[in-house]
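Worksheet: one structure, shown below.
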Amino acid sequence: MKRILLSSIFLLAALVSFGQAKKPIIMIVPSDQYCISRNYKMTFQNQGMTQTLPDYKTALQTDPDLRMVITKMGQIMADRGFPLKDLEQELKNLEQERAESSMLTSSSSGSEMSESPIDALKRVAKADIIMDLDFEIKRQGPQKYITFTLKGLDAYTAKQVSGAAGAGKPSTAASPELLLEEAVLSYMDGFNAGLQRHFDDMFANGREVKVQIKVWSNWGQNLESEFGDDSKELTTIIEDWFADNCVNSRYNLSDASENFMKLEQVRIPTMRTDEKGRPRAVDTRSFISDLRKYLNGMGVPSKLYLRGLGEAWLILGEK
Amino acid sequence: MRKIIILTALAFIGYSTVSAQNSQGKTDDLGRIALATVVPDQAEGIPQSARQLIANKMEQIAVQNGLGASAANPRFCIVPLVNVLSKEITPTAPPMQALNLDVTFYIVDAASQIIFSQTSIQVKGVGQTEDKAYIQALKNVNVKAGQFKGFVEKGKEKIVEYYNSQCDVVLKGAQALAGQKKYEESLYTLLSVPDVCRECFDKSMDLSIEIYKQYANYKCTEYMAGAKAAWANMNVDKAAEYLGKITPDMECYNDAVQLTDQITQKQLADGANVWQFKMKQYDDSIEKDKMMIQAGKEVAVAWAYWGQGQYFNWDWNWLYKK
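Top to bottom, those sequences are chains A and B. So the first sequence is numbered by my numbering: it starts at 3 and just counts up by one. So the second sequence is numbered by my numbering: it starts at 461 and just counts up by one.
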């Protein structure tokens, strides 16, 4: 009880300090292993390759244990001031949104809403932190026990920010529901402590994001082309900009060629002050937007493509 | 003077009224080529639900750049070929399928199996199912794009050009076939020349009358021999069957009439019932040339229908399985 209270206080403190910053969206998603092993799966033929993917909708509609665990975890997180996005409801919302946008027409001309293939591709359930869940009710003679794995994954950096795993105490008397509830309660504190450390780190050292710099094929120049008064290569110019603007100059150019740069562990500030002196929350889009303006001033037009709160692509050559 | 002015005014009004009745220009050879749209079964990969959509798109391309035609008996057609350049399935909730398609349209002569023009366009589509992704991608085919105007114009030009340049070869080939007594195939070749290539069409029609006459006379000799043999065996019904096939445009028609009379006389002399058979006769009001072209067409169609032409193939495999 004491542990629960302490972790709640820590989380609340983190939330107060992050009051202004952009909050990551957290969602519980059953793991691929959980879904596929229980036959909640979809199989696709893809140009000679068979691809198996989890069928979350069927899993959520038909698995009572899964629903129970998700509800219990959601309740604990909500009690600690961090409401979760519900995957089942999100899938329903997406279906409804899809139907509404295909029916919506302008009243004056009957025009449809403009939608590119990439817009359609983005209409999927999204979260910044995924709570990847896997559990199993096992038997040992007359006794039942629960094995439980919960991973907190940053959707953009693919880093595990928190985790909890283990097996519950075997019991002959308790029902599987009770065992599951007990497992959730005993592992959530450890998980939340990990999440807390992640938020503390984010507050102290900036949000960790991923940035990719790419080049349109028809541009005619590349990242090795020279720009500016001192004729520097574009790669160097961009690296210098990251060194100047990242929190404590922290970034990692993990891979690059003349056509792309992959920058990981880029630490961006959570807050900044805008031209009117107001405090503004910073996300990857607004951070990279400054780089776009900087490069535009050097005669390098570009398109900013957002992949979520924690990842953005800057494609050079044209808008 | 006043009379002259009134008459002049009336004449001018009359002229302008007459000329205003139909100001539409006549279509030339190119304009007369009607393009049918066909999505053959052999066009694999296109889901059933997207077939009608692509057919409609092709019809719009044909109509916006000339004439569309019924697909019931097509000669010049627009047909599609869809290739999947890439297909991605995202591991998201729900999984999305992203297709990158290369859609190629061909203008072909279905009868002689010649491709006259082609154009391709790359389209992208995303959907929860493959069918939905196909439909979204094909929806993005912009029928007003400039490339389609050029595609149709080039196709039509090439159709006319082909028959104009190949006319002598087609006519000589038909004559050669007739020389080998392959009259049906010869007529088929001649009647395959489309009416949009006026000059070649006229020449081939004239030659088709000639060849039809040769065919008719060849057949007449065959029928007469059959009729005589049947009569020698006193098989009146069989003789009547052969004689019934002989028409007035055939050279041996008079011989057939004589044989008919001979059989009738003999029948009467033998005291049999009156023989009801009468030779075919034509109404004088029917133009003989037109009749012969029509008869020639029937011969050519029958030859094609029964699949005697080695290259005659309506199943489109020639285009889709190379």
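Heads up, the beta-carbon is just placed ideally off N, CA and C, and yes, glycines get one too.
Cβ of B/L650 within 8 Å of Cβ of B/A634?
-> For B/L650 and B/A634, yes; Cβs fall inside 8 Å.
Are A/V31 and A/M133 touching if we call contact CB-CB under 8 Å?
-> Yes. Within cutoff.
How long is the line joining the alpha carbons of B/I567 and A/G222, rounded to whole angstroms?
-> If I take the Cα positions, the gap works out to 36 Å.
Three-state class that DSSP yields for A/T45 in the structure shown | A/T45 sits in a strand when the DSSP states are folded into three classes.
CB-CB under 7 Å to A/D34, same chain, minus the five flanking residues each way: which ones, in chain order?
-> The answer, listed in chain order, is P56.
Counterpart residues of A/Q162 in DSSP-defined beta bridges | Answer is A/L155, bridged to A/Q162.
Do A/A314 and A/R287 come within 8 Å of each other at the CB atom, strictly closer than that value?
-> Cβ distance < 8 Å, so A/R287 and A/A314 count as in contact.
Within 8 Å of chain B by C-beta, residues of the segment 58 to 70 of chain A in sequence order = For the segment 58 to 70 of chain A, which is checked against every Cβ of chain B, the residues closer than 8 Å are Y58 and K59.
Going straight from the alpha carbon of A/Y307 to that of A/Q91, what length do you get?
-> Between the alpha carbons of A/Y307 and A/Q91 lies a gap of roughly 27 Å.
Does the beta carbon of B/Q635 come closer than 8 Å to any beta carbon on chain A?
-> Output row for B/Q635: interface = no.
Along the beta strand (DSSP E) that carries A/R209, what are the first and last residues, could you check?
-> Counted as a single uninterrupted DSSP element, the beta strand (DSSP E) harbouring A/R209 occupies residues R209 to V217.
According to DSSP, is A/I27 helix, strand or coil?
-> Coil.
Roughly how many whole angstroms lie between the Cα atoms of B/D721 and B/G686?
-> Going from the Cα of B/D721 to the Cα of B/G686 covers about 17 Å.
Is there at least one Cβ from chain A nearer than 8 Å to B/K604's Cβ?
-> So no, B/K604 is outside the interface.
Of all the residues that make up the segment 540 to 558 of chain B, which are near chain A by a beta-carbon distance shorter than 9 Å?
-> Here the close residues are V544, S546, K547, E548, I549, T550, P551, T552, A553, P554, P555, M556, Q557 and A558.
Length-filtered (4 minimum) alpha helix (DSSP H) runs lying within the segment 90 to 127 of chain A | For the segment 90 to 127 of chain A, whole alpha helix (DSSP H) runs of length 4 or above, ordered along the chain, are 119 to 123.
N-terminal and C-terminal residue of the alpha helix (DSSP H) that A/E277 is part of | Unbroken run through A/E277: none, as it is neither H nor E.
If you follow the beta strand (DSSP E) that B/Q573 is part of, which residue opens it and which one closes it?
-> Segment: none, B/Q573 is in no beta strand (DSSP E) and carries neither H nor E.
CB contact flag (A/I317, A/W218, <8 Å) | Result yes, Cβ atoms of A/I317 and A/W218 sit closer than 8 Å.
What's the call for A/I1, buried or exposed, on a 16-neighbour Cβ count within 10 Å?
-> This structure does not reach residue 1 of chain A, given that chain A is present from 3 up to 321, and the question cannot be answered.
Going straight from the alpha carbon of B/N693 to that of B/A699, what length do you get?
-> Answer to the nearest angstrom: the Cα atoms are 9 Å apart.
Euclidean distance between Cα positions of A/P85 and B/Q524 | Cα-Cα distance, rounded: 56 Å.
Quick one: using the 10 Å Cβ neighbour count with 16 as the cut-off for buried, is A/D156 buried or exposed?
-> Label assigned to A/D156: buried.
Span of the alpha helix (DSSP H) holding B/V653?
-> Per DSSP, B/V653 belongs to no alpha helix (DSSP H) and is neither H nor E.
Reference B/Q557, options B/D628, B/Q725, B/Q640 and B/S546, closest by Cα = If we check each option's Cα against that of B/Q557, B/S546 comes out closest.
Going straight from the alpha carbon of B/G610 to that of B/S509, what length do you get?
-> Looking at the two C-alpha atoms, the distance is approximately 29 Å.
Cut-off 8 Å between Cβ atoms - residues of its own chain near B/T579, not counting five sequence neighbours on either side | Answer for B/T579: T564, F565, Q607, F608, G610 and F611, listed in chain order.
From A/P172 to A/S188, what does the alpha carbon distance come to, in whole angstroms?
-> For the pair A/P172 and A/S188, the Cα-to-Cα distance works out to about 14 Å.
State the DSSP-derived secondary structure class of B/N600, mapped to helix, strand or coil.
-> B/N600 falls in the coil class under three-state DSSP.
Under 8 Å between the Cβ atoms of A/A245 and A/S251?
-> Yes; because the gap between Cβ atoms is below 8 Å, this pair is in contact.
Since B/G587 meets chain A, which of its residues come closer than 8 Å, beta carbon to beta carbon?
-> Those are A122, listed as they occur along chain A.
With DSSP as the reference, label B/V539 as helix, strand or coil.
-> Strand, per DSSP.
Below-8 Å beta-carbon distance, A/F2 vs any chain B residue = Residue numbering for chain A in the displayed model covers 3 to 321; residue 2 of chain A lies beyond these limits and cannot be assessed.
Is the Cβ of A/F127 closer than 8 Å to any Cβ of chain B?
-> Rather than Phe, the amino acid found at residue 127 of chain A in this sequence is Ala. A/A127 has a beta carbon lying within less than 8 Å of a beta carbon in chain B.
Name the DSSP bridge partner or partners of A/A176?
-> Answer by DSSP bridge pairing: none, since A/A176 is not bridged.
How long is the line joining the alpha carbons of A/N95 and B/V586, rounded to whole angstroms?
-> Whole-angstrom Cα-Cα distance: 19 Å.
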